[in-house]
């Protein structure tokens with residue numbers, strides 16, 4: 103299974119999602135490829151936000167070596183499933199889809215079409231966002247999403 107996590111800048115939510123899902127997949131003995139990207143290009147090559155690195159590290163996951171990259175149309179060919187953090191990310195990804203098969207790979211990470219809030223402007227959101235993403239990733243690993 104090849105899974106891509108996507109947010110806006112690829113420095114807060116999607117690196118957390120990549121690190122968490124990779125961690126859980128390894129724990130379950132799953133040979134999954136997990137990556138992340140951003141719909142925007144502002145942080146290409148940048149490490150994750152220090153607050154994301156901190157909350158991940160507090161939970162035993164190291165995402166400090168990840169680097170931002172921008173989502174590209176070729177990602178539809180590389181990945182089986184693409185999870186967007188919010189509705190804007192979802193729409194930006196769908197706009198790049200070439201076929202219905204591309205579109206079928208994309209869904210929001212959380213159930214009930216809820217967004218994962220962007221914690222960029224609110225330090226207090228990093229821990230709740232970590233928990234939201236962790237819970238969603240557990241469902242992915244369990245085959246419930």
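Numbering (this note's numbering), first residue to last: 103 to 247. A virtual CB, placed ideally from N, CA and C, is assigned to each residue, including glycine. A quick note: this is a predicted structure, and the numbers were derived from the prediction, not measured.
Test: residue i CB closer than 7 Å to a CB of chain C
i           : result
residue 158 : Among the chains of the structure shown, chain C does not appear; only one protein chain is present.
Reduced DSSP category for residue i - H, G, I as helix; E, B as strand; rest coil
i           : result
residue 225 : helix
residue 216 : coil
residue 241 : helix
residue 234 : helix
residue 157 : helix
Rounded straight-line distance, which links the Cα of residue j to that of residue i
i           : j           : result
residue 234 : residue 246 : 15 Å
residue 182 : residue 152 : 29 Å
residue 104 : residue 180 : 7 Å
residue 112 : residue 170 : 5 Å
residue 148 : residue 194 : 21 Å
residue 202 : residue 192 : 14 Å
residue 125 : residue 108 : 17 Å
residue 220 : residue 239 : 17 Å
residue 168 : residue 156 : 13 Å
residue 127 : residue 143 : 28 Å
8 Å contact criterion, which residue i and residue j should meet: CB distance rounded
i           : j           : result
residue 243 : residue 132 : 7 Å
Per the contact definition of three or more C-beta pairs closer than 8 Å, is the region 134 to 146 in contact with the region 160 to 175? Contact between the region 160 to 175 and the region 134 to 146 is present, with at least three C-beta pairs closer than 8 Å.
Practice problem: Within the region 172 to 206, note down every full alpha helix (DSSP H) run reaching 4 residues or more, in order along the chain. | Solution: 177 to 180, 189 to 198 and 202 to 206, all fully within the region 172 to 206.
Below 8 Å, how does it come out for the region 203 to 213 and the region 185 to 194: are there three or more Cβ pairs, yes or no?
These segments touch.
Whether or not the region 224 to 232 and the region 153 to 160 are in contact is what I'm after, with contact meaning three or more pairs of Cβ atoms, one per stretch, closer than 8 Å; do they touch? Contact between the region 153 to 160 and the region 224 to 232 is present: three or more C-beta pairs spanning the two stretches fall below 8 Å.
- Item | Contained beta strand (DSSP E) runs [length at least 3] in the region 103 to 145, N- to C-terminal order | Runs of the beta strand (DSSP E) inside the region 103 to 145: 104 to 109 and 135 to 140.
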